[in-house]
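Residue numbers (the UniProt record's numbering): 1 to 229.
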């Protein structure tokens, strides 16, 4: 549910590629976070560039909503970061809690981080980015609510580089680190992307989706000719 519209703050809108929160380049103290102890509260008016909400330093469960006129609840506070109705923020980065990231009609990049996150792309050609093995574990798997196969992407490329592992698409675990299975679980009604990271034949990394995932949707996945290895 979208919160009541946020009026445009006074002054000029920010332009260019702007990051708000942690790793901010706004030059504005109220929009810059350097510690998890800070309690942010600000409104955003931004009409240009590719922009990012970065709330990666927080441990609390958060709601990061990129829709125009919406309010996000971050850093343990409620509806404390707001977006002006005609502003567009493209990207969101969550923290280590169980976050809910909600995209808009733009091409969004959503990075949940650690925790069991719920990711909603909205319209556009969206990328769901996973940078670390701990971003979506078997015990705390992320859930994609509106994945659009053939349009949206799941990006594992940075995770493969940092983890020094090759993700190979297979139909069953073979004892090789990086074996990746994509399947449908009829009992839960979820599509699953499961990875054995250490070659022990067990799932270590897991993404759940309410919609179909195909191997071609996954950036950083090696797909052999003819399908499975």
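Positions of the beta carbon are idealized from the N, C-alpha and C atoms, including for glycine.
Quick caveat: nothing in here was measured; it's all calculated off a predicted structure.
Taking C-beta to C-beta, are residue 105 and residue 58 nearer than 9 Å? Translated into the one-based positions of the chain shown, residue 105 becomes position 105. Translated into the one-based positions of the chain shown, residue 58 becomes position 58. 9 Å or more divides the Cβ of residue 105 from the Cβ of residue 58.
What three-state label does DSSP hand residue 133 in the structure shown? Translated into positions along the chain shown, residue 133 becomes position 133. Residue 133: helix per DSSP, three-state reduction.
First through last residue of the alpha helix (DSSP H) which encompasses residue 161: As a first step, residue 161 must be located in the chain shown, where it is residue number 161. Element bounds for residue 161: 157-163.
Beta-carbon separation (whole angstroms), residue 93 vs residue 54, contact threshold 8 Å: Stepping through the chain shown from its first residue, residue 93 is reached at position 93. Stepping through the chain shown from its first residue, residue 54 is reached at position 54. Indeed they touch by this definition, with Cβ atoms about 5 Å apart.
Within the segment 101-133, ranges of the beta strand (DSSP E) (whole runs, at least 3 residues): Within the segment 101-133, the beta strand (DSSP E) runs of at least 3 residues that lie entirely inside it are, in chain order, 109-111, 118-120 and 127-129.
Buried/exposed call for residue 72, threshold 16 Cβ in 10 Å: As a working mapping, residue 72 is identified with position 72 in the chain shown. Residue 72 should be labelled buried.
Beta-carbon proximity check, residue 215 vs residue 221, cutoff 9 Å: Working through the chain shown from its first residue, we reach residue 215 at position 215. Working through the chain shown from its first residue, we reach residue 221 at position 221. Yes, these two residues count as a Cβ contact at 9 Å.
Hey, how far is the Cα of residue 31 from the Cα of residue 63? Translated into positions along the chain shown, residue 31 becomes position 31. Translated into positions along the chain shown, residue 63 becomes position 63. Rounded to whole angstroms, residue 31 to residue 63 spans 17 Å at the Cα level.
Give me the Cβ distance between residue 144 and residue 209, rounded to the nearest whole Å; I'm assuming they're in contact under 8 Å. Counting from 1 along the chain shown, the entry for residue 144 is found at position 144. Counting from 1 along the chain shown, the entry for residue 209 is found at position 209. Between residue 209 and residue 144 the Cβ distance is about 4 Å, and since that is below 8 Å, they are a contact.
Tell me the DSSP secondary structure of residue 217 in three-state form. Within the chain shown, residue 217 is the residue found at index 217, counting from 1. Residue 217: helix per DSSP, three-state reduction.
Identity of the residue in 85, 65, 107 and 52 nearest residue 118 by Cα: Counting from one through the chain shown, the residue named residue 118 turns up at place 118. If we check each option's Cα against that of residue 118, 65 comes out closest.
Per the DSSP calculation, residue 71 is bridged to which residue(s)? The residue labelled residue 71 in the question sits at position 71 within the chain shown. Bridge partners of residue 71: 82.
For residue 61 and residue 142, I'd like the C-alpha separation in whole angstroms. Your numbering for residue 61 matches position 61 in the chain shown. Your numbering for residue 142 matches position 142 in the chain shown. Spanning the two alpha carbons is a distance of roughly 13 Å.
Less than 9 Å between the C-beta atoms of residue 197 and residue 181, yes or no? Looking up residue 197 in the chain shown gives position 197. Looking up residue 181 in the chain shown gives position 181. Taking a C-beta distance under 9 Å as the contact criterion, residue 197 and residue 181 do not qualify as a contact pair.
Count the other CB atoms within 10 Å of the CB of residue 212; is the residue buried (16 or more) or exposed (fewer)? Sequence index remark: in the chain shown, residue 212 carries index 212 (1-based). So residue 212 counts as exposed.
Same chain only: Cβ atoms within 7 Å of residue 49, ignoring 5 sequence neighbours per side: Here the question's residue 49 lines up with position 49 in the chain shown. Same-chain partners within the cutoff: 15, 16, 17 and 18.
Taking the beta carbon of residue 70 as the centre, do at least 16 other beta carbons fall within 10 Å, making it buried, or is it exposed? By 1-based counting over the chain shown, the position of residue 70 is 70. Residue 70 is buried by the Cβ-count criterion.
Classify residue 246 as buried or exposed, calling it buried when 16 or more other Cβ atoms lie within 10 Å of its own Cβ. The shown model of the chain, from 1 to 229, leaves out residue 246, and the question about it has no answer.
Give me the Cα-Cα distance between residue 147 and residue 159, rounded to the nearest whole angstrom. Stepping through the chain shown from its first residue, residue 147 is reached at position 147. Stepping through the chain shown from its first residue, residue 159 is reached at position 159. When rounded, the distance between both Cα atoms is 20 Å.
Compare the C-alpha of residue 103 against each of 116, 84, 125 and 114 and name the closest. To locate residue 103, count along the chain shown from 1; it is residue 103. Ranking the options by Cα distance to residue 103, first place goes to 125.
Starting from the C-beta of residue 176, find all residues in its chain whose C-beta is less than 6 Å away, skip the five residues before and the five after it, and write them out in chain order. As a first step, residue 176 must be located in the chain shown, where it is residue number 176. Closer than 6 Å at the Cβ level, and outside the excluded window around residue 176, lie 199.
Is the separation between the beta-carbon of residue 38 and that of residue 82 shorter than 9 Å? For this step, residue 38 is matched to residue 38 along the chain shown. For this step, residue 82 is matched to residue 82 along the chain shown. No. Outside cutoff.
Rank 122, 21, 127 and 130 by C-alpha distance to the C-alpha of residue 80 and give the top, closest one. If you number the chain shown from 1, residue 80 lands on position 80. Nearest C-alpha to residue 80: 21.
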